[in-house]
Amino acid sequence: MDGFHASLGVFFRAEFYWVSVSRLRLGSGFWVTINHYETKLSVAQRFSGCKGTQKPEKPLGQTNYMMQSYKISQDDLDPQTRAFYCRSFDVLSQAQIPFLVGGGYAFKRYTKIARQTKDLDLFVHPRDCSRILEVFSQQGYHTEFPASHWLAKVFCGEDFVDIIFNCANGNGEVDDIWFEYAIEEEVLGQSVRLCPPEEMIWSKAFIMARDRFDGADIAHLIRACSENLDWSRLLQRFGSQWRVLFSHLILFGFIYPGERSRIPNWVMNELSQRLQQEVSTPTKEEKLCQGTLLSPLQYEIDVEQWGYEDARLFPKGSMTTAELCEWTAHLKTDKAKD
1226 MDGFHASLGV
1236 FFRAEFYWVS
1246 VSRLRLGSGF
1256 WVTINHYETK
1266 LSVAQRFSGC
1276 KGTQKPEKPL
1286 GQTNYMMQSY
1296 KISQDDLDPQ
1306 TRAFYCRSFD
1316 VLSQAQIPFL
1326 VGGGYAFKRY
1336 TKIARQTKDL
1346 DLFVHPRDCS
1356 RILEVFSQQG
1366 YHTEFPASHW
1376 LAKVFCGEDF
1386 VDIIFNCANG
1396 NGEVDDIWFE
1406 YAIEEEVLGQ
1416 SVRLCPPEEM
1426 IWSKAFIMAR
1436 DRFDGADIAH
1446 LIRACSENLD
1456 WSRLLQRFGS
1466 QWRVLFSHLI
1476 LFGFIYPGER
1486 SRIPNWVMNE
1496 LSQRLQQEVS
1506 TPTKEEKLCQ
1516 GTLLSPLQYE
1526 IDVEQWGYED
1536 ARLFPKGSMT
1546 TAELCEWTAH
1556 LKTDKAKD
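Going from the sequence shown to my numbering is simple: count from 1 and add 1225.
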């Protein structure tokens, strides 16, 4: 086959090995690579047919992603924009500040769905955010902090990079686990690490606003990655908010009725048992609205006029009143522009 090159490289350490299986050139500017990542599990375990369909005795290590990586020519990206994005990678790398690429680039890697992106999403530790803005400012870039609890921005003309260190609802702080399970990939010709699909599902699951619902993204991520997802870690991520995950898994079975088996039986059984136990338990008397974790403005009447406690605010959540007011004002300003 013209343009086909097969190679096998194996690197062993105490907890990690990588196998590059094949590379297939399909045409100018477009190629496919299949990578096999294995960590913290023995070769015997992997070849025993364990693909996440049974509940593991302990949380898995870095997930094995045996899937195709599509690298598409960047001719459709403005050269200045591309240069800015690549320079952003360089600035952070030279400053030795860890970052992960998310957004459309990571989504395309996992689902093979390509879509136009208006910016570049970089996920970082909260502790590094101030230093990141300082480093970019020293390089002559304009920086802003539109939402002090989760988001900063770096501008180069009309282009910008989102520096993300939490979820907009304050519910999904970027921690060391994001980096521990990150996936190595090439973006814009540079070696970077991508947000793990488990953390992408976790952060997207709470986006259910009137103008944006990420349920389709979650369904596509599950469809593409289900066999290799660390389901135990995913359950741990949602914690007491497991109903949100359960709702998306139920919808997945509706969206793809012939592919319900992609979700391990033990996961559905576990969540079903939790629901049954919750239904059998007397309701706790509290006037709390968790809808604000899903949509920042649609439940405003609940917390402002109907006397419900806002789940985003401390002590139920992690946001302060000042942060909430800042973010709400920002959202309303953007909405007025539309």
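Note that CB positions come from ideal geometry on N, CA and C, so glycine has one too. Nothing here was measured: the structure is a model prediction, and the numbers come from that model.
If you draw a straight line from the Cα of Ala-1308 to the Cα of Pro-1351, it is about 26 Å long. In this chain, Val-1379 is not harboured by any alpha helix (DSSP H); it is covered by the beta strand (DSSP E) spanning 1376-1381. Comparing alpha-carbon positions, the option among Pro-1482, Tyr-1481 and Ala-1434 lying closest to Gln-1523 turns out to be Ala-1434. Rounded to whole angstroms, the separation of the alpha carbons of Thr-1546 and His-1555 is 14 Å.
In the DSSP annotation of this structure, the continuous segment of the beta strand (DSSP E) that includes Phe-1348 starts and ends at 1345-1348. The three-state reading of DSSP puts Arg-1340 in coil, since its state is none of H, G, I, E or B. Just measuring C-alpha positions, the residue of Gln-1305, Ile-1488, Glu-1369 and Thr-1558 sitting nearest Asn-1453 is Ile-1488. Scanning its chain for C-beta atoms nearer than 6 Å, with the 5 sequence neighbours on each side dropped, one finds around Gly-1327 the residues Asp-1346, Phe-1348 and Cys-1420, in chain order. In this structure, Asp-1455 lies away from Glu-1484, with their beta-carbon atoms at least 8 Å apart. When the beta-carbon positions are compared, Phe-1370 and Ala-1377 come within less than 8 Å of each other.
Phe-1431 and Leu-1325 do not touch by the CB rule: their CB atoms are close to 19 Å apart, not below 8 Å.
Where Thr-1306 is concerned, the enclosing alpha helix (DSSP H) starts and stops at 1304-1319.
Between Arg-1448 and Tyr-1406, the CB-CB gap reaches or exceeds 8 Å. The stretch 1398-1413 makes no contact with the stretch 1439-1447; the number of CB pairs closer than 8 Å stays below 3. When DSSP states are grouped into helix, strand and coil, Ala-1372 belongs to the strand group. Taking C-alpha positions only, Tyr-1310 is separated from Cys-1392 by approximately 22 Å.
When the five nearest sequence neighbours on each side are left out, the beta carbons in the same chain lying within less than 6 Å of the beta carbon of Gly-1516 are those of Tyr-1524, in order along the chain. Around the C-beta of Phe-1463, 16 or more other C-beta atoms lie within 10 Å, and the residue is accordingly described as buried. Bounds of the beta strand (DSSP E) holding Gln-1415 are 1415-1419.
Val-1386: member of the beta strand (DSSP E) spanning 1384-1389, first to last residue. The beta carbons of Cys-1550 and Glu-1534 sit no closer together than 8 Å.
Proximity to Phe-1332 across Cys-1450, Ile-1402 and Ile-1388 peaks at Cys-1450, based on C-alpha coordinates. Here Phe-1479 is not near Leu-1496, since their CB atoms are 8 Å or more apart.
By alpha-carbon distance to Ser-1318, the top candidate from Ser-1505, Arg-1356 and Asn-1394 is Arg-1356.
Judged by DSSP in its simplified three-state form, Glu-1548 adopts helix.
In the three-state reduction of the DSSP assignment, Cys-1392 falls in the coil class, being assigned neither a helical nor a strand state.
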